[in-house]
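Protein chains in written order, with full-length UniProt numbering: chain A, 1 to 192; chain B, 1 to 192.
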DNA sequence: CTCATTTTGTACTGAACGGTAAAAAATGGT
DNA sequence: ACCATTTTTTACCGTTCAGTACAAAATGAG
C-alpha cells in the first residue's frame, strides 16, 4: 500500500547510467542525477539510498545490457573470426563516432571508483570474466570447425582477445587514428 | 629578483603526481595537493595556476618518467621477445603488488579528465604512440635477428602488443588472477 | 637604506556538494 | 471516512570545494 511511485525504476536507473557514463562518478553531482532522471532529491534518495548505490545499480545495468549486446554479436553469422572481428570493429565504430567519448563504462568504473568501492570492483571484474568466457566459447567452436588453429589453448587465446579488446577501448578514448585500431583487430585475429 | 622560492619545483610536481595518481583528478582536492606537496595554497596557485594545470604538469612528468622506464626495459638484455615479456610482466608485478591499485596514470587520465581537457587527451595519446614506436623498434630488431617471424608488418605487430599491454593494465585494476594476466603475456608473445 | 618584486602564509569567498527533515499528497485496507 | 504507509516536494543542513585577497617576509638592484 502507500502512495505509488510515479516513475519507472528501470528507466530511472537507465537515465542515471547515462549521466554517470558521460561524466564519470566523481564529476556527477546529485543535482545532475535529479536532472537526468527527472526525480526530486527525496525520491532519488528514498529509492536508491545514496549516490554510490545508484552508481552500482547503473553499472550493473550497463554490464548486463552490454553483455547481451556482446553475446548477440558473438552469436551472429559467419565464421568464428568474423564474429570476433565484429565484436571489435563495433566498439571502434562506437568509440570513434561518439562525440562525448564516453568509452566503456566498465573500464571507467574499474579506473575511477573501483579503488574506493569493492562492489564496483567486483562488478567490473565479473563483467570482464563473462566476456572472456563468451570469447572462449566462440574460439572453441572455431577450433572444432577448423576455422581457428587448434594448437593454442582456447582459454589463453580468449584472454588475448579480451586484452586486445580492452586495450582497443583505452586507445580509442584518445586516438584519432582509426587505422591503428583496425591494425589491432586484424593483428589479433591473424594470431589465432 | 624578488623573494626566492623555498621549494623545489620538480619535487612539488612529483608529489602532486603521486596524489593525483592515487586518488584521481576529481577526487583530489586542492587541500590534498597542499598536504602532499607541503606547499601553502598561495604558493601552489602562484606556481601552477590552478588544479587543472598542475594535473597536466603531473601527467607530463608521469609519462616522461614512465617512458624512460619502458625504454630501459626494452633495451635490456636477452632476445626481443624476452624484452617485450619483461615490459609486460613488470607491470603485472607492479599492478598486483600495489595495495592502492593505482594502475597506469596515463590510462586513468585518458578515462577521467581527458574528456574535459584536450591537453590531457593529447598527452595520453602521445604517450601511447611513443610506446608503440618503442615496441616497434624492438620488433624490427627481433625480425632482423630472426627471433621474431618477419612475415608480419612490425607496426601492426607493435600495435597488437601495445593493445595487449593496456588491456593488461585495465584487467589488472580489478583482477586477482595473475595466471590470467600471464596468459595474455605468453599468448601475445607467441603470436609474434 | 630604500624600493620594486616575488613568494609565503592566512583568512576568506561564494558556490556547490551530498545528504536529511518534515510536511503534504496519494494510495489501499478496514 | 479514517488511518497506516509510502512517495513526493521543498526547504534546509553542515561541509567542502576551488580559487582569491592581502599583508608579511624575503630577496637583489640602485
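Ideal Cβ placement from N, Cα and C applies to all residues, glycine included.
Please go through the same chain and pick out, in chain order, the residues whose beta-carbon is closer than 6 Å to the beta-carbon of residue 121(B), but skip the five residues on each side of it.
Stepping through the second chain from its first residue, residue 121(B) is reached at position 121. So the qualifying residues of the chain are 114.
If we count Cβ pairs, one from each stretch, closer than 8 Å, do we get three or more for the stretch 117-134 of chain A versus the stretch 52-72 of chain A?
Touching, yes.
Determine, using beta carbons only, whether residue 88(A) and residue 170(A) come nearer to each other than 8 Å.
Taking the first chain and counting its residues from 1, the one referred to as residue 88(A) is at position 88. Taking the first chain and counting its residues from 1, the one referred to as residue 170(A) is at position 170. No, Cβ-Cβ distance for residue 88(A) and residue 170(A) is not below 8 Å.
What's the gap between the Cα of residue 103(A) and the Cα of residue 166(B)?
Looking up residue 103(A) in the first chain gives position 103. Looking up residue 166(B) in the second chain gives position 166. Cα to Cα, residue 103(A) sits roughly 14 Å from residue 166(B).
Whole-angstrom distance between residue 178(B) and residue 73(B), CA atom to CA atom:
Indexing the second chain from 1 puts residue 73(B) at position 73. Indexing the second chain from 1 puts residue 178(B) at position 178. Their Cα atoms are separated by approximately 21 Å.
Is DSSP giving residue 2(A) helix, strand or coil here?
The residue given as residue 2(A) occupies position 2 in the first chain. If DSSP states are grouped into helix, strand and coil, residue 2(A) belongs with coil.
Does the contact criterion of 3 or more C-beta pairs under 8 Å hold for the stretch 96-111 of chain B versus the stretch 94-113 of chain A?
yes
Distance, Cα to Cα, residue 156(B) vs residue 143(B)?
The residue labelled residue 156(B) in the question sits at position 156 within the second chain. The residue labelled residue 143(B) in the question sits at position 143 within the second chain. Roughly 13 Å between the two C-alpha positions.
Can you confirm whether the stretch 61-70 of chain A touches the stretch 39-51 of chain A when touching is taken to mean that 3 or more C-beta pairs between the two stretches lie within less than 8 Å?
no
Cα separation between residue 30(A) and residue 136(A)?
One-based indexing of the first chain puts residue 30(A) at position 30. One-based indexing of the first chain puts residue 136(A) at position 136. So the two alpha carbons sit approximately 40 Å from each other.
Partner residues on chain A for residue 173(B), Cβ-Cβ distance less than 7 Å
The residue labelled residue 173(B) in the question sits at position 173 within the second chain. Correct list: 110, 111 and 114.
Out of curiosity, what's the CA-to-CA distance linking residue 1(A) and residue 9(A)?
What you label residue 1(A) is simply residue 1 of the first chain in a count that begins at 1. What you label residue 9(A) is simply residue 9 of the first chain in a count that begins at 1. Those two C-alpha atoms are separated by around 17 Å.
Residue span of the alpha helix (DSSP H) that contains residue 160(B), given as start and end:
Here the question's residue 160(B) lines up with position 160 in the second chain. Residues 154-174.
Using only CA atoms, which one of 78(B), 34(B) and 99(B) lies nearest to residue 7(B)?
For this step, residue 7(B) is matched to residue 7 along the second chain. Cα-wise, what sits closest to residue 7(B) is 34(B).
Residue 201(B) and residue 49(B): beta carbons closer than 8 Å?
Because residue 201(B) is not part of the residues shown, which for chain B are 1 to 192, the question remains open.
Could you check which residue in 192(B), 175(B) and 149(B) has the C-alpha nearest to that of residue 132(A)?
Mapped onto the first chain, residue 132(A) falls at position 132. The shortest Cα separation from residue 132(A) among 192(B), 175(B) and 149(B) belongs to 175(B).
Assign residue 151(A) to one of three DSSP states: helix, strand, or coil.
Indexing the first chain from 1 puts residue 151(A) at position 151. If DSSP states are grouped into helix, strand and coil, residue 151(A) belongs with coil.
Proximity of residue 181(B) and residue 94(B) at Cβ, strictly below 8 Å
As a first step, residue 181(B) is located in the second chain; it is residue number 181 there, counting from the start. As a first step, residue 94(B) is located in the second chain; it is residue number 94 there, counting from the start. Not in contact: residue 181(B) and residue 94(B) (Cβ atoms no closer than 8 Å).
Are the C-beta of residue 155(A) and some C-beta of chain B separated by less than 8 Å?
In the first chain, the residue the question calls residue 155(A) occupies position 155. Judged by the 8 Å Cβ criterion, residue 155(A) is in contact with chain B.
Beta-carbon proximity list for residue 201(B), same chain, < 7 Å, skipping 5 on both sides:
Any answer about residue 201(B) is impossible in this case: the structure gives chain B only from 1 up to 192.
In the DSSP assignment, the alpha helix (DSSP H) including residue 181(B) goes from what residue to what residue?
Taking the first residue of the second chain as 1, we reach residue 181(B) at position 181. Residues 178-190.
Endpoints, alpha helix (DSSP H) assigned at residue 16(B)
Position 16 of the second chain holds residue 16(B). Note, residue 16(B): alpha helix (DSSP H), 9-23.
Where does residue 97(B) fall in DSSP's three states?
On the second chain, residue 97(B) is found 97 positions in, with the first residue counted as 1. Here residue 97(B) sits in helix by DSSP.
What is the residue span of the alpha helix (DSSP H) that residue 117(B) lies within?
Against the second chain, residue 117(B) aligns to sequence position 117. No alpha helix (DSSP H) holds residue 117(B); DSSP gives it neither H nor E.
Restricting to Cα atoms, I'd like to know which of 116(B), 100(B) and 106(B) is closest to residue 99(A).
What you label residue 99(A) is simply residue 99 of the first chain in a count that begins at 1. Residue 99(A) has its Cα closest to that of 116(B), out of 116(B), 100(B) and 106(B).
Quick check for students: name the residue ranges of the alpha helix (DSSP H) that lie wholly in the stretch 55-107 of chain A, counting only runs of 4 or more.
80-97
Return the chain-ordered list of same chain residues with a C-beta closer than 6 Å to the C-beta of residue 105(B), the five sequence neighbours on each side being excluded.
Translated into the one-based positions of the second chain, residue 105(B) becomes position 105. Correct list, in chain order: 21 and 62.
For residue 145(B), count neighbouring Cβ atoms within 10 angstroms of its own Cβ and tell me buried if that reaches 16, exposed if not.
For the purposes of this step, residue 145(B) is taken as residue 145 along the second chain, with counting starting at 1. So residue 145(B) counts as exposed.
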